[in-house]
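These notes concern the structure reproduced below.
There are 2 protein chains.
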Amino acid sequence: MFPFELTILGCSSATPTSSRHPTAQLLNMNERFFLIDCGEATQIQLRKFKIKIQRIDRIFISHLHGDHYLGLPGLLGTMHLLGREKELHIYSPPGLEEIITISHHHSKTYLKYNIVFHSIEERSAVRLFEDDKLTVETIPMNHRIPCYGFLFCEKKRPKKIIQEKIEEYNIPLQEIPLIKNGQDFISQEGKRIPNAELTTEAPSPRSYAYCSDTIYNESYVQQIKNVNLLYHEATFTSDMSERAKDTHHCTAHEAGSIALKANVNQLIIGHYSARYRELEPLLAEAKQVFSNTLLAIEGEAYKII
Amino acid sequence: MFPFELTILGCSSATPTSSRHPTAQLLNMNERFFLIDCGEATQIQLRKFKIKIQRIDRIFISHLHGDHYLGLPGLLGTMHLLGREKELHIYSPPGLEEIITISHHHSKTYLKYNIVFHSIEERSAVRLFEDDKLTVETIPMNHRIPCYGFLFCEKKRPKKIIQEKIEEYNIPLQEIPLIKNGQDFISQEGKRIPNAELTTEAPSPRSYAYCSDTIYNESYVQQIKNVNLLYHEATFTSDMSERAKDTHHCTAHEAGSIALKANVNQLIIGHYSARYRELEPLLAEAKQVFSNTLLAIEGEAYKII
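Residue numbers (the numbering used here), protein chains in the order written: chain A, 24 to 328; chain B, 24 to 328.
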């Protein structure tokens with residue numbers, strides 16, 4: 024199995040506390056490192072958790088509220104000061120390039136590496152990135168300004184051929200890719216060997232959905248159906264549901280409902296309002312609806328299985 | 024004595040470490056709270072050290088390198104979310120208003136309080152602020168972009184009248200302000216009572232000079248002569264003096280030299296390069312030149328005496 028692991032760097036909502044930072048997450052997907060949102064102090068959190076910042080090649084910013092991107096200018100500056108030359112890709116709603124360009128203009132900063140800004144304008148789900156192993160697409164959220172979650176999916180891998188069968192049936196090398204793709208084998212004696220006898224299935228592709236920030240709505244339930252891990256914002260407990268609606272956020276109960284309706288394997292809640300010193304009430308509320316729920320805790324790594 | 028105290032919030036140079044944050048300081052000057060520079064995560068440091076952020080009414084930004092101001096947008100947002108209505112004054116070289124305005128435009132943020140941006144354009148020392156108790160003026164630095172230190176001075180206070188003398192000479196109420204200002208008193212019998220017999224001197228006015236970032240130069244030595252406390256950047260040790268020159272910074276030795284030439288009472292060094300895990304070599308080097316030197320340590324408060 025390839026590594027597929029999420030590390031929480033920040034789990035607070037708009038106002039940080041002395042112990043909880045604004046939103047940021049690092050996703051290790053088969054040794055590709057994706058940064059998801061980049062709240063203030065993300066670079067300090069990355070250092071604290073001993074994550075090598077230059078391994079990050081793609082950054083996904085959900086929206087342009089400060090608690091989701093204000094750590095980005097500092098991180099970009101540090102990447103530069105530490106000698107980065109590799110291209111960096113940043114995906115976000117429109118405006119981020121202008122913000123970064125103006126701050127670099129006033130600091131007379133000329134980066135040694137190239138940033139490719141990808142502006143997300145489409146209000147429906149679109150594919151942002153794809154390689155031989157994985158895809159990343161947007162999940163349109165409903166917030167006060169344009170906002171997107173992100174869906175990270177492994178691609179289906181080819182079947183594995185059983186080594187002993189190669190010898191047993193004297194299978195020529197050029198046949199192997201075809202068999203891995205599901206074809207039967209015709210032996211030298213003209214006998215059809217069914218594919219199922221020659222191969223084992225690769226592990227099912229895994230997926231991670233990041234959903235923050237949004238008012239409760241079920242528009243993306245279908246898109247995130249059956250994901251292995253769902254991170255969903257749960258800014259408030261249900262007694263604050265009016266405040267949640269007013270600010271276009273969700274309660275822990277609502278996060279649980281989305282997880283249940285989408286039939287996900289596991290739910291992590293986060294983006295906690297600073298009013299909650301203790302997070303147990305948020306967890307208890309989500310668990311009432313969806314029992315396999317965990318709290319996002321800074322510095323913890325969650326395997327996606 | 025009025026309180027006059029400096030709290031270090033961040034003491035790192037451009038690249039933060041897991042334990043040292045970019046530059047920020049809080050100056051309490053007679054219960055007026057001034058924020059000096061505002062590196063990334065300043066709002067988190069303020070919370071950590073239990074400083075009430077709404078008490079800050081004036082912010083002084085030395086220059087627009089990210090490590091000196093990138094904590095500002097987040098702090099401004101948090102002041103807004105916590106219900107601030109009081110006006111806030113921000114002093115900085117030109118450009119900051121544009122940077123803040125564009126980030127607020129994209130986040131659709133409409134602050135509940137007014138920010139008055141004061142753009143520092145004059146390359147010689149100018150007075151930025153004055154009230155009945157204190158003055159703040161710029162100290163022009165020599166850095167890669169326009170950069171200013173700040174000089175905070177108490178005003179000379181009137182003499183104190185000795186209570187017993189009021190009774191002894193039956194001094195009328197309207198005479199008291201004149202005596203406090205140094206005038207002698209003529210008693211009812213026509214006898215001149217010298218001022219020195221009636222009053223004690225108020226404590227000498229105190230002063231704090233903040234000098235960061237700059238290449239070594241003595242242009243501001245005269246302006247900061249005899250200050251009680253000097254904070255001076257000391258990014259490198261002397262073996263890195265070429266690098267210091269190239270990046271327009273100072274060594275610890277040079278910081279000590281400025282303190283010695285300006286005949287200050289005490290020196291605090293800071294703005295340490297991330298390459299120094301241990302700060303003792305920087306302290307030892309400055310102390311060789313100027314013995315009354317302290318290290319800037321985050322969370323520590325330094326009384327100005």
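Don't be surprised by glycine CBs; every beta carbon is placed ideally from N, CA and C.
Bridge partner(s) assigned by DSSP for residue i
i: residue 139 of chain B; result: B:112
i: residue 51 of chain B; result: B:28 and B:56
i: residue 92 of chain B; result: For residue 92 of chain B, which the question treats as bridged, DSSP gives no partner whatsoever.
i: residue 234 of chain B; result: B:255
i: residue 172 of chain A; result: A:162
i: residue 291 of chain A; result: A:254 and A:317
i: residue 45 of chain A; result: A:35
i: residue 151 of chain B; result: Note: residue 151 of chain B sits in no beta bridge, so no partner.
i: residue 157 of chain A; result: A:177
i: residue 324 of chain A; result: A:30
i: residue 82 of chain A; result: A:58 and A:113
C-alpha gap between residue i and residue j, whole angstroms
i: residue 152 of chain A; j: residue 271 of chain A; result: 28 Å
i: residue 127 of chain B; j: residue 206 of chain B; result: 56 Å
i: residue 109 of chain A; j: residue 42 of chain A; result: 33 Å
i: residue 197 of chain B; j: residue 186 of chain B; result: 15 Å
i: residue 217 of chain A; j: residue 255 of chain A; result: 44 Å
i: residue 144 of chain A; j: residue 240 of chain B; result: 50 Å
i: residue 276 of chain B; j: residue 312 of chain B; result: 7 Å
i: residue 79 of chain B; j: residue 107 of chain B; result: 11 Å
i: residue 188 of chain A; j: residue 225 of chain A; result: 17 Å
i: residue 61 of chain B; j: residue 98 of chain A; result: 16 Å
i: residue 184 of chain B; j: residue 71 of chain A; result: 57 Å
i: residue 138 of chain B; j: residue 88 of chain B; result: 21 Å
i: residue 321 of chain A; j: residue 328 of chain A; result: 20 Å
i: residue 298 of chain B; j: residue 261 of chain B; result: 14 Å
i: residue 142 of chain A; j: residue 235 of chain A; result: 18 Å
i: residue 179 of chain B; j: residue 51 of chain B; result: 18 Å
i: residue 214 of chain B; j: residue 203 of chain B; result: 19 Å
i: residue 168 of chain A; j: residue 102 of chain A; result: 29 Å
i: residue 290 of chain B; j: residue 133 of chain B; result: 42 Å
i: residue 157 of chain A; j: residue 31 of chain B; result: 46 Å
i: residue 302 of chain A; j: residue 282 of chain A; result: 19 Å
i: residue 190 of chain A; j: residue 251 of chain A; result: 37 Å
i: residue 324 of chain A; j: residue 56 of chain A; result: 13 Å
When the options are compared against residue i, the one with the closest alpha-carbon
i: residue 296 of chain B; options: B:32, B:39, B:27 and B:226; result: B:39
i: residue 118 of chain B; options: B:290, B:78 and B:170; result: B:170
i: residue 318 of chain A; options: A:264, A:283, A:258 and A:268; result: A:258
i: residue 54 of chain A; options: A:245, A:68 and A:77; result: A:77
i: residue 28 of chain A; options: A:45, A:37 and A:59; result: A:59
i: residue 238 of chain A; options: A:211, A:193 and A:280; result: A:280
i: residue 292 of chain B; options: B:310, B:286 and B:86; result: B:310
i: residue 288 of chain A; options: A:322, A:316 and A:142; result: A:316
i: residue 94 of chain B; options: B:263, B:37 and B:282; result: B:37
i: residue 129 of chain B; options: A:131, A:136 and A:116; result: A:116
i: residue 111 of chain B; options: B:208, B:136, B:25 and B:235; result: B:136
i: residue 35 of chain A; options: A:103, A:179 and A:63; result: A:63
i: residue 4 of chain B; options: B:161, B:56, B:199 and B:48; result: It is not possible to answer for residue 4 of chain B, since the shown part of chain B is limited to 24 through 328.
i: residue 246 of chain A; options: A:220, A:285 and A:227; result: A:285
Rounded distance between the beta-carbons of residue j and residue i, thought under 8 Å
i: residue 114 of chain A; j: residue 74 of chain A; result: With a Cβ gap of about 20 Å, residue 114 of chain A and residue 74 of chain A do not count as contacting.
i: residue 253 of chain A; j: residue 267 of chain A; result: Incorrect: roughly 18 Å between the Cβ atoms, too far for contact.
i: residue 159 of chain B; j: residue 175 of chain B; result: 5 Å
i: residue 100 of chain B; j: residue 68 of chain B; result: Not really, about 16 Å apart at Cβ, beyond 8 Å.
i: residue 229 of chain B; j: residue 265 of chain B; result: Not quite, the Cβ-Cβ distance comes to about 37 Å (not below 8 Å), so this is no contact.
i: residue 92 of chain A; j: residue 163 of chain A; result: Not confirmed; about 18 Å, so no contact.
Residues of the region 30-48 of chain A with a CB closer than 8 Å to any CB of chain B: list them in chain order, please. 37, 38, 39, 40, 41, 44 and 45
When you check each C-beta in the region 118-131 of chain B against every C-beta of chain A, which residues fall closer than 7 Å? 118, 121, 122, 125, 126, 129, 130 and 131
Below 7 Å between beta carbons is the criterion; list the residues of the region 64-77 of chain A that meet it against any residue of chain B, in chain order. 64, 66, 67, 70 and 71
Members of the region 164-195 of chain B near chain A, C-beta cut-off 8 Å: 167 and 168
Mind listing which residues of the region 93-105 of chain B have their C-beta closer than 8 Å to chain A's C-betas, in chain order? 93, 94, 96, 97, 100, 101, 104 and 105
Compile a chain-ordered list of the residues in the region 285-319 of chain A whose CB is closer than 8 Å to at least one CB of chain B. none
Which residues, in chain order, does the region 129-160 of chain B contribute to contact with chain A at a C-beta distance below 9 Å? 129, 130, 131 and 132
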